[in-house]
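Note sheet for the following structure.
Chains as they are written, first to last, in the working numbering: chain A, 1 to 266; chain B, 1 to 267.
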C-alpha cells in the first residue's frame, strides 16, 4: 500500500481548508469582536451603541432609501432595454449586448471619475443634490448588472409559449403581462439582488462624487480608520444580517444549476 | 413605428452609459483641466501617464496583483470544484456553501473581516502583501469555482472510466480527460477573476500595504486631491483601458463567433 493514495476527492481539501481559514474564520472573528469590548469581555454595548446612535440609524435608513431607489431606477431602465434587445428587433443583437456589458470591464473608479466630471459641468456643486447624485452614480455603476440577468432570462424564454398565448386570443399586452413578465421574474430577482446589496454598501461612489460618507459601508470605513475594531465589527455584522435576510428573500442560493449569477457575467 | 421606440430607448441608455467615458477620452487628448472649452490638442496626459513613476508603479502593481491572484484563485477554485464534484454529498455541500459566502457577502464586510483576522488577531504585516493577496483570492476563487462546476456537471463521466479501464492512473486520467473537458470553464473563470481583481476597491483598502496602490484606490484618492496633472493623466488611463477592453472584446467576439454558442457564455 502506498503512503499517499491519490483520490479525486482529496483535490478539494486545499480549497476547503482555504475557505475555512479565510472565509469562515474571519466571520467568526467578526462575530467575536462585535460582542466583546477592548478588554475581551463579552458585551452588548456595541449592539446597543449601534441602535442608539442616531447617526448610525440615520445612515442605515438613508442607505436603504438610496439602494431602493437605485434598484427601482435600474429596473425601469434595464427591463425595457433587456426586453427590446431580446425581442429580435436588432440585427446585431450580440454586439449590442456586448456594448451593455463592456462598462463592467472598465475600472469603476475611472467610470465614476468620468461621470463626476460630466455631472459637475451640468450641476456645478454635486453636494447640492446628494440623493439625486447618489442614485445617478449608483445607477451608472450598476445598470449593466441589472440588464444582463434580465436579458439572459428573457432571451431563453420559450417563444412558443407566447405564440400559444396569442393563438388563444391574448393581445400583445396581456401576452406580455401574463407570460413574458412572470417568466422573466428569476432574471429580475437576480438583477435586483446584484444591484440592491452593492448599492447599500458601495460607499466609494458617493465618496468620489461629493465626498459623502453618509452610507452604511462607510461607517465601517470610519471605524476602520479610527482602529475601533469592535464598533466596526458590529456594523459589519448588521450589514451581514441584512445581506442574509435579503438573500433568503430572493432565494439567490437556489440558482445553482446555471453558471451562477456571477459566473454568467462573462 | 414600434421599432423606432425600441431603438431610441436602447440608444438613450447607451448614451447614458458611454457619454461620460467618451467625453472624458476626448478631453484626455487636450490640455484642458476641466470639461469645458477645448483650447488645443495635446498628448501631454499620455506622456505624464507613461513617464510618472508613481503612476507606472501603480498600474504595473495592479496588473501583477490581478494576474497573480487570479492564477492562484484559478488553481484553488478549479481543484476545489473537482474535489467537491467527486466528494460525498455532504462534503460537496459544505464546500459549495462556504464558496457562496464571499459571492453574496458585501466586499466591505469581506475585506474588513479579513483585515481583523489577519492584521489584528494574527498580526500579519500588511507590507508583506499576504493580506492583500489572500483577500483577492477570496474575492476571485469562488467565481472560478462557479464557472468550472457547470462544466464538470456537463462532462461525460464515462470517458474518465474508460481511461481508467484502459490503464491510465487516476492522475493521468484527470490531467488528460477531465481538465481538457472543463478547460473552457477554467479559462472563463480566470478571465473573470482578473476583472474582479482589477475592479476591486474595498478589499484592497482594508488589506493593502500603506505605500501600495491599485488603480481603484489610487483613482479614488486622486479624485479627492487637487493635483490636476495627475487628475488629467488618469483621463488618459481611462482612454487606454477603454481601448484595451474594446480590443479584447472585439478579438474574443470574433473568436467566439467561430465557435458559435458552444458554452452558452456571453463573451
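Even glycine gets a Cβ: it sits at the ideal position worked out from N, Cα and C. Predicted model only: the values in this text are computed from it and were never measured.
Any residues in the region 189 to 214 of chain B with a beta carbon nearer than 8 angstroms to a beta carbon of chain A? Which ones, in chain order?
189, 191, 192, 195, 198, 199, 201, 202, 205 and 206
Comparing the C-beta of residue 34(B) with each C-beta of chain A, is any distance below 9 angstroms?
The sequence position of residue 34(B) within the second chain is 34, counting from 1. Chain A, which has a Cβ nearer than 9 angstroms to the Cβ of residue 34(B), makes this yes.
Between which residues of its own chain and residue 50(B) is the CB-CB distance below 8 angstroms, once the five residues before and five after are set aside?
As a first step, residue 50(B) is located in the second chain; it is residue number 50 there, counting from the start. The answer, listed in chain order, is 56.
Nearest-angstrom Cα distance between residue 157(A) and residue 183(B)?
Against the first chain, residue 157(A) aligns to sequence position 157. Against the second chain, residue 183(B) aligns to sequence position 183. Whole-angstrom Cα-Cα distance: 28 angstroms.
Rounded C-alpha distance that separates residue 82(B) from residue 23(B):
By 1-based counting over the second chain, the position of residue 82(B) is 82. By 1-based counting over the second chain, the position of residue 23(B) is 23. Distance between the alpha carbons of residue 82(B) and residue 23(B) is about 46 angstroms.
For residue 131(B), count neighbouring C-beta atoms within 10 Å of its own C-beta (all shown protein chains included) and say buried if the count is 16 or more, exposed if not.
If you number the second chain from 1, residue 131(B) lands on position 131. Label assigned to residue 131(B): buried.
Could you spell out where the alpha helix (DSSP H) holding residue 196(A) opens and where it closes?
In the first chain, counting from the first residue as 1, residue 196(A) sits at position 196. First-last of the alpha helix (DSSP H) with residue 196(A): 185 to 201.
Please classify residue 84(A): is it buried, with 16 or more other beta-carbons within 10 angstroms of its beta-carbon, or exposed?
For this step, residue 84(A) is matched to residue 84 along the first chain. With 16 or more other Cβ atoms within 10 Å, it is buried.
Residues from the region 81 to 105 of chain B in contact with chain A, defined by Cβ distance under 9 angstroms
81, 82, 83, 84, 85, 86, 87, 88, 91, 92, 94, 95, 96, 97, 98, 99, 100, 101, 102, 103, 104 and 105
Bridge-paired residues (DSSP) for residue 42(A):
Position 42 of the first chain, counting from 1, holds the residue named residue 42(A). DSSP output for residue 42(A) lists 36(A) as bridge partner(s).
Say whether chain A places a C-beta atom closer than 9 angstroms to the C-beta of residue 168(B).
Along the second chain, read from residue 1 onward, the residue named residue 168(B) stands at position 168. No, its Cβ sits nowhere closer than 9 angstroms to a Cβ of chain A.
Please decide whether residue 43(A) counts as near chain B, where near means a Cβ-Cβ distance under 9 angstroms.
Walking along the first chain from the start, residue 43(A) turns up at place 43. So no, residue 43(A) is outside the interface.
By Cβ distance below 8 angstroms, which residues in the same chain neighbour residue 243(A) in space, the five residues on each side in sequence not counted?
Taking the first chain and counting its residues from 1, one reaches residue 243(A) at position 243. If we look at residue 243(A) and ignore the five residues flanking it on each side, its Cβ neighbours are 197.
Alpha-carbon spacing of residue 205(B) relative to residue 4(B), whole angstroms:
The residue given as residue 205(B) occupies position 205 in the second chain. The residue given as residue 4(B) occupies position 4 in the second chain. C-alpha separation (whole angstroms): 46 angstroms.
For residue 153(B), count neighbouring C-beta atoms within 10 Å of its own C-beta (all shown protein chains included) and say buried if the count is 16 or more, exposed if not.
Numbered from its first residue, the second chain carries residue 153(B) at position 153. Residue 153(B) should be labelled exposed.
Residue 80(B) and residue 15(A) look like a contact to me (Cβ under 8 angstroms); what is the Cβ gap, rounded to whole Å?
To locate residue 80(B), count along the second chain from 1; it is residue 80. To locate residue 15(A), count along the first chain from 1; it is residue 15. Indeed, because the Cβ distance is near 3 angstroms, the residues count as touching under 8 angstroms.
Could you tell me if residue 141(A) is buried or exposed, where buried requires 16 or more neighbouring beta carbons within 10 angstroms of its beta carbon?
On the first chain, residue 141(A) is found 141 positions in, with the first residue counted as 1. Buried, by the Cβ-count rule.
Would you tell me roughly how many angstroms separate the C-alpha atoms of residue 237(B) and residue 46(B), rounded to the nearest one?
For the purposes of this step, residue 237(B) is identified with residue 237 of the second chain, where counting begins at 1. For the purposes of this step, residue 46(B) is identified with residue 46 of the second chain, where counting begins at 1. Cα to Cα, the separation comes out at about 8 angstroms.
CA nearest to the CA of residue 220(B), picked from 209(A), 229(A) and 219(A)
Position 220 of the second chain, counted from the first residue, corresponds to residue 220(B). Nearest C-alpha to residue 220(B): 209(A).
Compute the Euclidean distance between the alpha carbons of residue 127(B) and residue 134(A), then round it to the nearest angstrom.
To locate residue 127(B), count along the second chain from 1; it is residue 127. To locate residue 134(A), count along the first chain from 1; it is residue 134. About 34 angstroms.
Going by DSSP, name the residue or residues bridged to residue 41(B).
The count along the second chain starts at 1 and reaches residue 41(B) at position 41. According to DSSP, residue 41(B) bridges with 30(B).
Pairs of beta-carbons, one from the region 25 to 37 of chain B and one from the region 151 to 166 of chain B, closer than 8 angstroms: are there three or more?
no
For residue 229(B), which residues from the same chain have a beta carbon less than 7 angstroms from its beta carbon, with the 5 sequence-adjacent residues on both sides left out?
Translated into the one-based positions of the second chain, residue 229(B) becomes position 229. Cβ neighbours of residue 229(B) beyond the five flanking positions: 48.
Kindly indicate which residue of 56(A), 72(A) and 94(A) has the alpha-carbon position closest to the one of residue 254(B).
As a first step, residue 254(B) must be located in the second chain, where it is residue number 254. For the residues 56(A), 72(A) and 94(A), the minimum Cα distance to residue 254(B) belongs to 94(A).
Using the beta-carbon count (16 or more within 10 Å), is residue 216(B) buried or exposed?
Within the second chain, residue 216(B) is the residue found at index 216, counting from 1. So residue 216(B) counts as buried.
Have a look at residue 224(B) and residue 136(B) and give me their C-alpha separation to the nearest angstrom.
Walking along the second chain from the start, residue 224(B) turns up at place 224. Walking along the second chain from the start, residue 136(B) turns up at place 136. Each residue's alpha carbon lies about 25 angstroms from the other.
The alpha helix (DSSP H) enclosing residue 218(B), as first and last residue numbers:
The residue given as residue 218(B) occupies position 218 in the second chain. 215 to 224 is the extent of the alpha helix (DSSP H) around residue 218(B).
Between which residues of its own chain and residue 264(A) is the CB-CB distance below 8 angstroms, once the five residues before and five after are set aside?
One-based indexing of the first chain puts residue 264(A) at position 264. Low confidence applies to residue 264(A): its pLDDT is 37, below 50, so where it sits in the model is not reliable, and the reading given next is rough at best. Taken in chain order, the residues that qualify are 148, 149, 152 and 258.
Completely contained alpha helix (DSSP H) runs for the region 3 to 31 of chain A, where each covers 4 or more residues
13 to 19
Cβ of residue 12(A) within 9 angstroms of Cβ of residue 95(B)?
Working through the first chain from its first residue, we reach residue 12(A) at position 12. Working through the second chain from its first residue, we reach residue 95(B) at position 95. Yes, these two residues count as a Cβ contact at 9 angstroms.
Considering only the alpha carbon of each residue, which of 248(B), 209(B), 10(B) and 140(B) lies closest to residue 73(B)?
Counted from its first residue, the second chain places residue 73(B) at position 73. It is 140(B) whose Cα lies nearest to the Cα of residue 73(B).
Assumed close pair residue 107(B), residue 203(B) - CB separation to whole angstroms, cut-off 8 angstroms
As a working mapping, residue 107(B) is identified with position 107 in the second chain. As a working mapping, residue 203(B) is identified with position 203 in the second chain. Confirmed, Cβ separation roughly 6 angstroms.
Assign residue 126(B) to one of three DSSP states: helix, strand, or coil.
Within the second chain, the letter at position 126 stands for residue 126(B). Correct three-state label for residue 126(B): helix.
Is residue 92(A) buried or exposed, if buried means 16 or more other CB atoms sit within 10 Å of its CB?
Counted from its first residue, the first chain places residue 92(A) at position 92. Exposed is the call here.
Taking a Cβ distance cut-off of 8 angstroms, strictly less, list which residues of the region 9 to 21 of chain A are near chain B, in chain order.
9, 10, 11, 12, 13, 14, 15, 16, 18, 19 and 20
Round the Cβ separation of residue 63(A) and residue 200(A) to the nearest angstrom and send it over; I've been treating them as touching at under 8 angstroms.
For the purposes of this step, residue 63(A) is taken as residue 63 along the first chain, with counting starting at 1. For the purposes of this step, residue 200(A) is taken as residue 200 along the first chain, with counting starting at 1. Yes, they are in contact, since the Cβ atoms of residue 63(A) and residue 200(A) sit about 5 angstroms apart, within 8 angstroms.
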